[in-house]
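Here is the structure we will look at, set down as structure tokens.
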Amino acid sequence: MQRKPWLWGLVLVLMISVASGCAGKETQNANNQSDGSKGGESTKGAVELSFWYGWTGPEAAALEKIIAKWNAANPDIKVKGLSQSDYQKQLTAITGGNPPDIASNFGQDVVPWGERGAMMPLDDYIKKDGVDLSDYITAALSTSQGNGKTYALPIAMHTTMLFYNKDVLAKAGFDGPPQTISQLKEYITKLSVKQDGGRLQQLGLWPGVDAFTFTNAFGGSYYDADAKQVTPDNAGVKSAIQLAKGIWDQFGSEELDRFASGLGQYMSAQNPFFTGKYAMTIDGEWLPTFIKQFAPNLNYGIAPIPYDDNNPNLKNPGNVTTSVFYIPKGVKNPDASWKFLKWLTEPEQMGEFTAALGNLPTRASLLDDPIYANVPGFKEFLTYSQSPNLHSFPATAFANEYMTEFTDQYNAILRGKIGIDEGLKKVKDKIQPLVK
Amino acid sequence: MSDSASMKLSAKRKGWTRREWRYFWLGLLFASPWIIGFLVFTVYPFFSSLYFSLTTYDLFNPPQWVGLDNYKQIMTDERFYKSINNTLFMAFISVPISLASSLIIALMLNFKVKGINYYRTIFYLPAVIPVVASALLWTWMLNPDFGLINMFLRAVGLPDPAWLMDPRYTKPSLVLMGLWGSGAGALIFLAALQGVPQQYYEAAQVDGANGWHRFWRITIPALSPIILFQLIMGLIGAFQIFTESYILAGGKSVSGSIGGPDQSLLFYAVNLYQEAFMNLKMGYASALAWILFIIVMAITLVLLKTSRRWVYYGGE
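These protein sequence lines are chains G and X, in that order. Take 15 as the starting number for the first sequence in the working numbering and just add one per residue. Take 6 as the starting number for the second sequence in the working numbering and just add one per residue.
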């Protein structure tokens with residue numbers, strides 16, 4: 015019989031594709047096994063860890079400097095940093111069984127990913143090595159904990175305060191920032207200037223304020239963990255929305271849109287707060303650095319978020335978001351990953367990193383550290399970080415959907431497309447079924 | 006496949022010779038890289054997404070069967086309807102406008118003037134630029150304060166909208182961006198234009214038809230198959246529009262919401278992306294993908310059916 019080389023070729027192609035498929039599965043299994051058996055034998059040669067982080071440019075350079083410091087001191091565990099700001103890549107890498115050994119992410123993703131099993135719980139390591147979690151600022155740490163497990167450690171946090179233009183306030187006869195919410199309303203009315211038949215020229219404060227921040231001023235909460243109920247209809251949340259809605263309706267959507275269309279870009283000298291178009295603004299700890307860069311002559315002050323007259327015990331309220339480091343599920347050397355992660359979140363490294371970025375540290379022991387002496391505005395923000403009335407959005411597996419739906423309805427309420435109660439009920443109806 | 010092929014052959018004579026079989030297998034062998042790729046990367050994902058659309062699946066845990074729950078949920082999802090509306094706007098406003106603009110450009114580029122090749126190159130150039138780069142470029146063009154477009158509008162005393170920041174103008178901004186890339190469509194029209202036999206025009210001229218008549222009675226019918234092709238491709242593209250919105254309306258914001266001011270750029274694919282990769286609802290997102298598939302399929306079929314009335318093929 016005649017040989018059929020082409021048939022063998024076909025068989026070969028099939029064999030290769032089948033074999034490569036199998037090989038892929040095997041490595042995946044191997045990874046999963048080492049996950050369970052804590053891979054103690056890995057220290058034979060030098061271990062190389064891949065570290066994916068979301069920062070780019072000068073911020074990435076600051077992190078690389080810290081990585082270089084680790085590599086110089088730890089020849090047995092070599093860390094290779096990779097700037098990878100697309101967090102979806104982490105998802106595909108983890109599900110594909112070939113994850114980075116350590117990675118960064120936003121605090122709001124931690125519990126959604128962690129509870130689905132994409133992140134390794136760190137509690138055993140924390141207990142074994144005696145990491146003092148009480149040093150962490152409660153609001154920051156809570157972003158990486160769910161159902162009694164710690165899935166990540168926060169490296170940096172953000173919160174907001176009230177910025178005010180001293181010159182504009184003085185012209186209107188105010189010699190200091192508003193302390194209470196009723197004062198805030200009065201300030202906004204007096205500081206908003208209309209000309210030429212009611213066209214807005216200057217606004218006291220943009221009314222679409224961050225509802226999460228003001229909810230804490232009214233003692234509100236978005237989730238009742240004991241009752242397993244989402245609570246967008248909570249009295250405090252409602253008060254925050256009513257506050258925003260009250261200011262919004264004072265001007266109306268059409269006039270506000272027209273006014274907003276003439277405003278400059280946020281990251282430029284034309285930022286409406288820098289040009290005096292906003293007398294006040296609520297913004298984060300990064301703003302003083304921008305002001306130094308874009309509007310060095312701006313005469314401004316930083317003040318606490320005004321408190322509710324009926325809740326004087328809830329002074330210095332605020333909302334906290336974080337950036338975190340975590341160990342993905344399925345890493346080859348969890349022990350080595352943890353060693354690096356632990357070192358990275360120690361006060362010395364955290365101070366160096368956050369000071370370079372101009373982010374707030376998440377450890378209370380760093381709040382009076384001299385390393386922040388030259389970061390503009392940090393005196394006020396570091397003090398504010400100690401406030402017991404700072405909270406973060408409740409960390410749950412459905413937090414992303416919850417925030418999205420809440421923001422959608424919040425905007426619809428402001429624009430009068432739906433009533434407050436009706437809008438908040440919609441949020442509850444949509445999110446409550448996701449609670450498990 | 007081989008059955009129908011051999012049946013056809015057997016009508017003429019019985020079976021294949023050994024030589025023909027040999028060529029059949031050889032052909033399959035040479036086509037095998039594509040066939041394997043098609044099976045692994047297209048057919049398998051296609052059917053597995055159908056399966057996933059009937060489950061809840063978060064990537065990390067095994068999928069759980071929920072039947073038609075995802076589809077039922079979609080029917081009551083406000084974001085779904087919002088994204089459909091935004092997408093339909095792009096499909097039915099943007100596609101016809103850019104089709105017309107491509108045709109006009111092609112007609113102009115068909116004139117025999119000096120240096121026409123340079124004009125053709127210039128008009129085609131934007132099509133070579135990647136979507137991301139052109140989207141970033143346009144954020145500057147459309148900047149309310151410093152953008153070239155508003156500078157021009159102010160200079161001639163026209164109102165200067167906030168373009169990408171004003172929910173009423175975000176989609177028209179995208180239409181404008183699309184027009185800039187009309188050169189790609191124009192190139193196809195141009196090729197077709199040059200294929201229209203000159204004698205038609207000469208004959209019409211002899212009969213006394215003016216330029217307008219010649220355009221409507223000869224050019225448009227002769228181009229109709231190409232118009233159909235571009236219309237279908239344009240509609241499919243419009244239903245999948247994603248990059249521009251993702252670049253212009255920002256990726257991940259603190260509030261977790263994407264889709265631009267007042268969700269005016271929340272397109273179908275953007276919503277699907279958010280459900281899949283931000284909310285980790287792969288099952289729900291797969292169901293969304295299947296609904297999109299059905300919509301696009303239906304529109305394409307309707308277009309192809311009605312096309313018999315207005316598309317003329319040379320031979321008929």
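Each residue gets a CB set at the ideal place from its N, CA and C atoms; glycine is no exception. These numbers were taken from a predicted model, which means no experiment stands behind them.
Buried versus exposed, by CB contacts within 10 Å (16 or more), residue i
i         : result
Trp221(X) : exposed
Gln210(X) : exposed
Glu436(G) : exposed
Gly38(G)  : Per-residue confidence for Gly38(G) stands at a pLDDT of 40, beneath the threshold of 50, marking its modelled position as unreliable; no derived number is given.
Ser379(G) : exposed
Ser148(G) : exposed
Gly160(G) : buried
Met302(X) : exposed
Phe244(X) : buried
Gln243(G) : exposed
Met238(X) : exposed
Residue i - containing beta strand (DSSP E), residue span
i         : result
Gly298(G) : 294-298
Ile81(G)  : Segment 71-87 is the alpha helix (DSSP H) holding Ile81(G); no beta strand (DSSP E) there.
Ile116(G) : 116-120
Phe65(G)  : 61-67
Phe339(G) : 335-340
Ile91(G)  : 91-97
Terminal residues of the alpha helix (DSSP H) in which residue i lies
i         : result
Ala196(X) : 188-198
Ser37(X)  : 23-43
Glu394(G) : 392-398
Lys346(G) : Run containing Lys346(G): none; DSSP gives neither H nor E here.
Met302(X) : 287-315
Gly365(G) : 361-371
Trp145(X) : 136-146
Ile127(X) : 121-133
C-alpha gap between residue i and residue j, whole angstroms
i         : j         : result
Thr164(G) : Tyr201(G) : 43 Å
Ser282(G) : Tyr206(X) : 58 Å
Tyr251(X) : Trp168(X) : 16 Å
Asp49(G)  : Asp137(G) : Residue confidence for Asp49(G) is low, a pLDDT of 41 falling below 50, so the modelled location carries little weight and cannot support an answer.
Thr81(X)  : Leu438(G) : 17 Å
Ser252(G) : Met294(G) : Contrary to the premise, residue 252(G) reads as Lys rather than Ser in this sequence. One C-alpha to the other measures close to 23 Å.
Trp127(G) : Asp165(X) : 44 Å
Ala189(X) : Ala132(X) : 6 Å
Ile91(G)  : Lys346(G) : 13 Å
Met170(X) : Ala350(G) : 47 Å
Phe232(G) : Val334(G) : 16 Å
Ala460(G) : Ala76(G)  : Any property of residue 460(G) remains undetermined from this structure, which presents chain G solely from 15 to 450.
Thr224(X) : Pro230(X) : 11 Å
Pro331(G) : Ala294(X) : 43 Å
Ile304(X) : Leu271(X) : 21 Å
Pro447(G) : Val207(G) : 46 Å
Phe94(X)  : Tyr278(X) : 19 Å
Ala274(G) : Ala105(X) : 34 Å
Gln268(X) : Ser54(X)  : 27 Å
Asn75(X)  : Glu415(G) : 16 Å
Lys77(X)  : Tyr424(G) : 25 Å
Phe194(X) : Leu236(X) : 12 Å
Ile108(G) : Lys343(G) : 7 Å
Leu105(G) : Trp69(G)  : 17 Å
Ser406(G) : Asp100(G) : 24 Å
DSSP state of residue i mapped onto helix, strand, coil
i         : result
Gln102(G) : helix
Tyr321(G) : strand
Ile432(G) : coil
Ile316(G) : strand
Gly183(X) : helix
Gly152(X) : coil
Gly332(G) : strand
Thr109(G) : helix
Lys444(G) : helix
Leu112(X) : helix
Thr194(G) : strand
heavy atom of the ligand ATP below 7 Å from residue i C-beta
i         : result
Val449(G) : With respect to the ligand ATP, the structure offers nothing, as it holds no ligand at all.
Hey, which unbroken runs of the alpha helix (DSSP H) at 4 residues or more fall wholly within the stretch 134-192 of chain G? Inside the stretch 134-192 of chain G, DSSP marks whole alpha helix (DSSP H) runs of 4 or more residues at positions 137-143, 152-155, 180-185, from first to last along the chain.
Which ranges does the alpha helix (DSSP H) cover as unbroken runs of at least 4 residues, wholly within the stretch 202-276 of chain G, from first to last along the chain? Listed in chain order, they are 225-231, 249-265, 267-275.
What alpha helix (DSSP H) runs, 4 residues minimum, are completely inside the stretch 200-252 of chain X? Annotation: the stretch 200-252 of chain X contains the following complete segments of the alpha helix (DSSP H) (minimum length 4 residues), in chain order: 203-211, 216-219, 225-244.
List in chain order: all unbroken beta strand (DSSP E) runs of 3+ residues lying wholly within the stretch 42-105 of chain X. Inside the stretch 42-105 of chain X, DSSP marks no whole beta strand (DSSP E) run of 3 or more residues.
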